[in-house]
Amino acid sequence: MRSLQYKGILGILCLLLTCQYDISGKTVFLFLLAVFCFCLTDLGSEKPATVIFIYAFGILSLSMPAACFFLPLVSYDLWRYHLCRWHCLFFFFPLYSPFLHPSPLWFCPFVLCVFVCLAAVYEKKLTTLEEQMHKLMDDSQEVQNLLKEKNQVLLDNQTYHIRVATLSERNRIAKEIHDCVGHLLILLPVTTLSMM
């Protein structure tokens, strides 16, 4: 979900940069092509056709200057999923586009690609940390449940031992009383006879 939010913000930013440069049907087509491209990477992030399509978009940016503005949007998933080792090439596509050099905006796609690279690496690390946190939470919940069970077993054992100790103490007291009363009952007739 966070990835879609980042891509949405990035798409709006790329579209605004492109509108500063050129507004035409070709720009809308390139925007829709870039959106299709990042949707394709979300659906099948590890398929070779996805990587080929993304690199085709990068090569398209050499002939169509407006496509350079959408390179950050397309290259986001390359950095995020580490789809190919050559994703550094996306930094250089905007610089080699001859149509953008007269414009003061020619450097914007390059800077945006650098920020996209950093954002994708940050988002990947954040996702990894969240997965580790959820795993730790699950593990701690499991340990907590085991501790609850062990505490319950200990309480049951403690209650059992207290009950056994109480019953054995009662038996000991009852036996002493029985012995004392029995001793007195035996001594009473003997003492009575000796007094007579």
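First residue of the sequence shown: 79, per this note's numbering; consecutive thereafter.
Virtual Cβ for every residue (Gly too), placed ideally from N, Cα, C.
For clarity, every value in this text was computed on a predicted model and none was experimentally measured.
Look at the region 199-223 and you find no whole run of beta strand (DSSP E) that is 3 residues long or longer. With fewer than 16 neighbouring CB atoms inside 10 Å of its own CB, D217 falls in the exposed class. Excluding sequence positions up to five before and after I130, its CB lies less than 6 Å from no other CB in the same chain. The criterion of a C-beta distance shorter than 9 Å is satisfied by F147 and C186.
Using a 10 angstroms sphere on the CB of D155, the tally of other CB atoms reaches 16 or more, which defines it as buried. In the DSSP assignment, P126 falls within the alpha helix (DSSP H) that extends over P126 to S141. V152 is the residue among L265, N249, V152 and K228 whose C-alpha sits nearest the C-alpha of I90. In this structure, T119 and T128 form a Cβ contact; the two beta carbons are roughly 5 Å apart against a cut-off of 8 Å.
Residues M142, A144, A145 and F148 of the same chain have their beta carbon placed closer than 7 Å to that of L108, with the five preceding and five following residues left out of the count.
Annotation: the continuous alpha helix (DSSP H) that includes F116 extends over G103 to L121.
For L232 and V221, the gap between their C-alpha atoms comes out near 16 Å.
Each of L111, C97, P150 and I264 was checked against the Cα of L88, and the nearest Cα belongs to P150.
CA-to-CA, the gap between K203 and R158 works out to about 9 Å.
When rounded, the separation of the alpha-carbon atoms in V199 and F193 is 10 Å. Taking 9 Å as the cut-off, the Cβ atoms of F114 and K85 do not count as close.
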